[in-house]
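In the numbering used here, each number is its position in the sequence shown, counted from 1, plus 236.
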Amino acid sequence: YHELEDLTVTTYDSAYMHMDRYGNRFGFLVFDEVHHLPGESYSHGAELSIAPYRLGLTATLERPDGRHLMLRDLVGPTVYEKGIRDLSGDYLSEYNTQRIEVDMVAEERAEYETARSQFSAFLESKNLRLGSASGWQNFVRLSARSSDGRRAMLAYRRYRKVALGTTAKLRVLEDLLKKHPRDRMLIFTNDNETVYNISEQFLIPAITHQTRTKERREILRAFNEGDILALVTSRVLNEGVNVPEANVAVVLSGTSTIREHVQRLGRILRRREGKHAILYEVISRNTVEDRISRRRRQHDAYDGKQREIF
């Protein structure tokens with residue numbers, strides 16, 4: 237049973253499951269975080285409604301799978317757009333970004349190069365290009381068909397793990413924690429293993445998808461009130477979390493998607509008087525992270541003017 241009112245709030249999950257029954261009941265649809273709508277299931281929620289008026293809202297329109305192009309048919313054309321730089325100062329906090337490059341130790345570099353070579357050799361033997369539209373899917377499909385393919389997949393995971401989790405990054409993090417002793421810092425990584433390692437080593441509360449709702453709420457409350465000055469997380473704080481007091485973000489690792497990094501930047505941009513936010517992007521030099529960093533910095537939110545090398 238669903239109680240529909242003149243103003244009804246629902247989720248994307250409920251909308252696509254029940255819109256076949258209620259699609260004729262609404263004249264105006266508002267899609268928050270509209271970049272989710274073109275998903276294979278969620279799009280049905282829009283397709284099954286006859287609403288003539290539709291509005292989509294998002295800070296991160298583009299999707300890596302290109303399905304954001306469907307939004308013109310599902311919702312309509314883009315009618316208004318403002319960049320983060322346009323909003324900083326008036327509606328968002330002033331901010332800057334700094335890229336910090338670190339060198340892997342010799343053992344890490346050797347492990348990285350060995351795994352990278354094994355992975356690249358498999359791609360070359362199968363004439364695969366990961367930069368193509370179906371490159372990754374083809375690699376996953378072929379890697380499951382032979383022992384060489386499975387070793388290539390393991391090599392891929394190994395060299396990325398080494399690059400994204402080099403010990404030099406933890407030394408940089410230690411320096412940044414000392415540099416910002418009274419600021420509210422969010423630390424982002426690409427995987428939960430690194431989250432828990434950092435939490436244990438630096439005694440910083442961790443939030444992952446495994447964190448219970450009550451505990452997560454209590455940690456965020458303590459952070460916003462200043463009882464906790466730093467949090468470490470993987471991806472669960474990328475979207476839909478209110479941490480207005482956060483003013484420093486440290487991205488130790490992540491994906492190459494522009495959306496993820498704009499979302500992470502957005503976590504520290506809630507405006508308040510006198511606030512200046514800073515995002516540190518820490519990458520391993522001469523690794524796959526160079527490409528990841530170039531990709532994310534295609535967005536105008538990243539000024540790319542400052543650079544430090546540790």
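We treat Cβ as the ideally placed atom computed from N, Cα and C, and that holds for glycine.
Less than 8 Å between the beta carbons of residue i and residue j, yes or no?
i: F267; j: V315; result: no
i: N433; j: S489; result: no
i: V338; j: V518; result: yes
i: A466; j: I440; result: yes
i: V431; j: V376; result: no
i: G319; j: P288; result: no
i: E525; j: A342; result: no
i: L460; j: E429; result: Here residue 460 is Asn; the residue named in the question, Leu, does not match the sequence. Cβ distance not < 8 Å, so N460 and E429 don't count as in contact.
i: R506; j: S329; result: yes
With a threshold of 16 other CB atoms inside 10 Å of the CB of residue i, please say whether the residue is buried or exposed.
i: E436; result: exposed
i: Y327; result: exposed
i: E283; result: exposed
i: Y260; result: The amino acid at residue 260 is misidentified as Tyr; the sequence shows Asn. The residue is exposed, with fewer than 16 neighbouring Cβ atoms inside 10 Å.
i: Q542; result: Because Q542 carries a pLDDT of 45, less than 50, the predicted location of this residue cannot be relied on, and the following value inherits that uncertainty. Burial call: exposed.
i: A485; result: buried
i: F546; result: Any reading at F546 needs caution, since the residue's pLDDT is 42, under 50, leaving its predicted position unreliable; the model's value is listed next. Exposed, because fewer than 16 other Cβ atoms sit within 10 Å of the Cβ of F546.
Quick check: the Cα distance between residue i and residue j, rounded to an integer number of angstroms?
i: L273; j: H497; result: 20 Å
i: L422; j: V270; result: 25 Å
i: A513; j: T333; result: 9 Å
i: A442; j: V479; result: 15 Å
i: A380; j: R386; result: 6 Å
i: A351; j: G367; result: 19 Å
i: R420; j: I504; result: 9 Å
i: N374; j: N474; result: 29 Å
i: G462; j: R495; result: 28 Å
i: L456; j: F424; result: 15 Å
i: A251; j: S277; result: 10 Å
i: G452; j: V472; result: It is worth fixing the name first, because residue 452 is Arg in this sequence and not Gly. Roughly 10 Å between the two C-alpha positions.
i: R448; j: G476; result: 16 Å
i: L307; j: G325; result: 30 Å
i: G502; j: L297; result: 14 Å
i: I286; j: V245; result: 17 Å
i: D249; j: S353; result: 43 Å
i: G401; j: H238; result: 47 Å
i: G275; j: Y258; result: 20 Å
i: E544; j: R521; result: Annotation note: pLDDT 45 at E544 (below 50); position unreliable, coordinate value reported separately. So the alpha carbons of these two residues sit roughly 12 Å apart.
i: L406; j: S370; result: 35 Å
i: F438; j: T444; result: 17 Å
i: A555; j: M340; result: Coverage of the chain is limited to positions 237 through 546, which leaves residue 555 absent and any answer about it impossible.
Across which residues does DSSP place residue i in a beta bridge pair?
i: T177; result: In the structure displayed, the chain extends from 237 to 546; residue 177 sits before or after that span and is not available.
i: A485; result: L422, L515
i: Y554; result: The question about residue 554 has no answer, for the chain in this structure spans 237 to 546.
i: D268; result: L293
i: T469; result: F424, I443
i: V524; result: None; V524 has no bridge partner.
i: V338; result: S520
i: L328; result: S324, R506
**Request:** Could I get the ranges of all uninterrupted beta strand (DSSP E) runs contained in the stretch 354 to 432, with 3 residues as the minimum, in chain order?
**Result:** Listed in chain order, they are 421 to 424.
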